[in-house]
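Enquirer:
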Ligand code: ADP
Ligand code: MG
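Residue numbers (the working numbering): 60 to 325.
Shown next as structure tokens:
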């Protein structure tokens with residue numbers, strides 16, 4: 060493949076490769092009805108020819124086959140693609156949750172391969188908030204305690220933790236559910252708790268896997284508007300995986316992935 064040509068066509072179509080500080084060309088995907096935060100033209104995450112091959116019982120599964128990607132500070136990105144195409148793997152790379160088999164991942168200009176596991180965990184804990192596909196709430200902890208968890212990781216003191224967790228519960232409209240266990244909450248409520256937890260350490264980046272699967276239309280809109288507000292008011296960088304065009308339309312940049320590769324024009 061002619062990589063140079065490929066990258067230029069990517070730039071034209073999506074504006075996601077942006078080496079020279081020019082404005083993103085996202086008009087074709089921008090929903091004019093949505094008022095947006097300013098996209099700052101500096102890269103927060105960059106992937107260079109990232110490949111990921113999973114090895115299990117001697118079987119190799121290539122999940123990413125060479126992905127180049129730049130996400131700017133304050134950008135709202137949607138990742139779309141069929142099941143098994145590598146979306147979750149890509150999100151794990153973007154969130155530095157896992158290391159690539161080859162290629163490079165830069166988080167705020169730092170090549171993550173140069174970091175020790177403990178340094179990476181700390182950087183991730185401060186910079187990145189993740190909403191997992193199945194929420195991954197701790198079943199024996201209350202809503203409030205679940206939100207406190209990431210703050211324990213960065214050793215925030217107890218009082219500060221509880222105050223912040225309460226404030227976040229309020230922000231997602233669930234202060235009356237503080238002492239409920241995840242099993243006592245609806246799917247939409249669990250999702251909001253997972254979002255509050257992802258925001259606990261005031262991350263610069265929020266990543267969400269299959270954000271609004273199985274939610275009703277009203278809850279979906281509430282969650283997406285909440286994320287837009289974070290992007291606009293806190294200049295947060297937001298990346299969501301979705302298979303729903305109604306959700307993707309909230310994003311400025313839509314990345315289509317097929318069979319482990321970014322598909323241009325699609
Ligand atoms: P998507 O999120 O688009 O459904 P994934 O990124 O989860 O796709 O998976 C991409 C491919 O990698 C699939 O073929 C999947 O079966 C495989 N895969 C994902 N995670 C693992 C893993 N931990 N071990 C082995 N194979 C995996
Ligand atoms: Mg997935």
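In this text, a Cβ means the ideal position worked out from N, Cα and C, and glycines have one as well.
Kindly provide the chain-ordered list of residues whose Cβ lies closer than 6 Å to any non-hydrogen atom of the ligand ADP.
Expert: This selection yields 113, 115, 120, 122, 140, 142, 143, 144, 145, 146, 147, 148.
Enquirer: Are residue 141 and residue 109 close, meaning C-beta to C-beta below 7 Å?
Expert: No, the Cβ-Cβ distance between residue 141 and residue 109 is not below 7 Å.
Enquirer: Count the other C-beta atoms from every protein chain shown that fall within 10 angstroms of the C-beta of residue 262, then say buried if there are 16 or more, exposed otherwise.
Expert: That one is buried.
Enquirer: Look at the alpha carbon of residue 196 and the alpha carbon of residue 312, and state the distance between them as a whole number of angstroms.
Expert: Their backbone Cα atoms lie some 29 Å apart in a straight line.
Enquirer: What ranges does the alpha helix (DSSP H) occupy inside the region 128 to 181, keeping only unbroken runs of at least 4 residues that lie completely in it?
Expert: Runs of the alpha helix (DSSP H) inside the region 128 to 181: 146 to 153.
Enquirer: Tell me the DSSP bridge mates of residue 300?
Expert: Answer is 138.
Enquirer: When you compare the region 105 to 121 with the region 286 to 301, are there three or more beta-carbon pairs, one atom per stretch, that lie closer than 8 Å?
Expert: No, the region 105 to 121 does not touch the region 286 to 301.
Enquirer: Compare the beta carbon distance of residue 301 and residue 270 with 7 Å and say whether it is the shorter of the two.
Expert: It is a contact, given that the beta carbons lie within the stated cut-off.
Enquirer: Measuring CA to CA, which of 124, 131, 147 is closest to residue 192?
Expert: For residue 192, the nearest C-alpha among the options comes from 147.
Enquirer: For the alpha helix (DSSP H) containing residue 257, list its first residue and its last residue.
Expert: Per DSSP, residue 257 belongs to the alpha helix (DSSP H) from 246 to 257.
Enquirer: Is residue 319 closer than 7 Å to residue 154 when the C-beta atoms are compared?
Expert: No. Outside cutoff.
Enquirer: Could you round the C-beta distance between residue 274 and residue 250 to whole angstroms and report it? I think they count as a contact, below 8 Å.
Expert: That belief holds up - the Cβ atoms of residue 274 and residue 250 are roughly 7 Å apart, short of 8 Å.
Enquirer: Excluding the five sequence neighbours on either side, which residues of its own chain have a C-beta within less than 6 Å of the C-beta of residue 183, listed in chain order?
Expert: Taken in chain order, the residues that qualify are 155.
Enquirer: Exposed or buried, what is residue 90 when buried is set at 16 or more other beta-carbons lying within 10 Å of its beta-carbon?
Expert: Low per-residue confidence applies at residue 90: pLDDT is 48, beneath 50, and the placement is therefore not dependable, though the value from the model is reported in the following sentence. Per the 10 Å Cβ criterion, exposed.
Enquirer: Can you tell me which of the three DSSP states residue 267 falls into?
Expert: Strand, per DSSP.
Enquirer: Closest by CA to residue 127, which one among 119, 152, 304, 121?
Expert: Nearest C-alpha to residue 127: 152.
Enquirer: What separation, rounded to the nearest whole angstrom, lies between the Cα atoms of residue 323 and residue 317?
Expert: If I take the Cα positions, the gap works out to 10 Å.
Enquirer: When you compare only the Cα positions, how much space is there between residue 79 and residue 168?
Expert: Low local confidence applies: a pLDDT of 31 at residue 79 is under 50, so the model's placement there is unreliable, with the coordinate-based value given in what follows. Straight-line Cα distance between these residues: approximately 16 Å.
Enquirer: Below 8 Å on the Cβ atoms is my guess for residue 102 versus residue 130; work out the distance and round it to an integer in Å.
Expert: Confirmed, about 7 Å.
Enquirer: So, are the CB atoms of residue 180 and residue 206 less than 7 Å apart?
Expert: No, they are not a contact pair.
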